[in-house]
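J.:
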Amino acid sequence: MIIDWLKFAPALFLLLLPIGLFHGKKIRFRSISRDWDGHWSSVLSLGLHWIDLGRAALGGWLLIEALKLSPGGAGFLRYSVLGTEGAVMIIAVGLQTFVCKEEDAAHAPFAFVTGLLLGVYPPIIAGFPIILAIAIAAGSRIPVAYFPCLALLLVGIGVGLDGKRSLILLALGFSAVLLPWLFTIMFPRDLVFTYRARQRSLDAENALPPRR
-15 MIIDWLKFAP ALFLLLLPIG LFHGKKIRFR SISRDWDGHW SSVLSLGLHW
35 IDLGRAALGG WLLIEALKLS PGGAGFLRYS VLGTEGAVMI IAVGLQTFVC
85 KEEDAAHAPF AFVTGLLLGV YPPIIAGFPI ILAIAIAAGS RIPVAYFPCL
135 ALLLVGIGVG LDGKRSLILL ALGFSAVLLP WLFTIMFPRD LVFTYRARQR
185 SLDAENALPP RR
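Residue -11 in our numbering sits at position 5 of the sequence shown, with consecutive numbering throughout.
What follows is the structure, given as structure tokens:
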């Protein structure tokens, strides 16, 4: 396995740095199981979501470009490349999910997972599953369904378009994308999504007397 450290090191930095560390006082958390009507403008105006999408896409692309099979390499060496890529993806999604400043909650990394697939897989293989998963989650009004639907569609559409050549990498992506949904089953914690607090809410908080 050949590692291009000039690409691998930035990939690790972009992918493994939890976005939850940058959630400041103006960030609010809301369970994804609640009604989101009236909150979408606050969600879309939060720049961290777009940063999360972009850095995951760039980090995913750098990760794939940084790890190459040695000339003449096969067998174990081939699996070592795929295993490293998969491990980084799974750990990255895990960190984005588990690091959350909201008590007894986990962060739902919608933007990060979407960007990661766009960076790791060809646009057509990542694009169709993302569009369909968004449609299913929005149509069913069950946001958490985005993760299992996206995982299943990634493998199904990926194999359909590319055959079994990318099956291992697709399976690793399946595991990474499914992780936030599995978290809701394994642990008694809510998945929460972030949005920008309205200015009126901030003004009201600032007007409150300091706690003693």
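Backbone N, C-alpha and C define an ideal beta-carbon position, used for all residues, glycine too. Just so you know, these numbers come straight off a predicted model, no measurement behind them.
Only counting the same chain, and skipping five residues up and downstream in sequence, which positions put a Cβ closer than 8 Å to that of residue 93?
T.: 3, 36, 77, 80, 81 and 164
J.: Would residue 138 and residue 113 be called neighbours here (beta carbons separated by less than 7 Å)?
T.: Taking 7 Å as the Cβ cut-off, residue 138 and residue 113 qualify as a contacting pair.
J.: Secondary structure at residue 174, three-state DSSP: helix, strand or coil?
T.: strand
J.: Could you give the residue range of the beta strand (DSSP E) that holds residue 7?
T.: Run containing residue 7: none; DSSP gives neither H nor E here.
J.: I need the boundaries of the alpha helix (DSSP H) containing residue 181, first residue and last residue.
T.: It is not in any alpha helix (DSSP H) - residue 181 carries neither H nor E in the DSSP assignment.
J.: Could you tell me which residues DSSP puts in a beta bridge with residue -8?
T.: Note: residue -8 sits in no beta bridge, so no partner.
J.: Leaving aside the five residues before and after residue 45 along the sequence, list all residues of the same chain whose C-beta is less than 7 Å from its C-beta, in chain order.
T.: 103
J.: Helix, strand or coil for residue 140? Go by DSSP, reduced to three states.
T.: Helix.
J.: Suppose you measure from the CA of residue 171 to the CA of residue 65; what does that come to, to the nearest Å?
T.: Approximately 31 Å between the Cα atoms of the pair.
J.: Roughly how far, in whole angstroms, is the beta-carbon of residue 111 from the beta-carbon of residue 40, given that I think they are within contact range, below 8 Å?
T.: About 15 Å; that fails the 8 Å criterion.
J.: Using the three-state DSSP reduction, which class does residue 51 fall into: helix, strand or coil?
T.: Residue 51 falls in the strand class under three-state DSSP.
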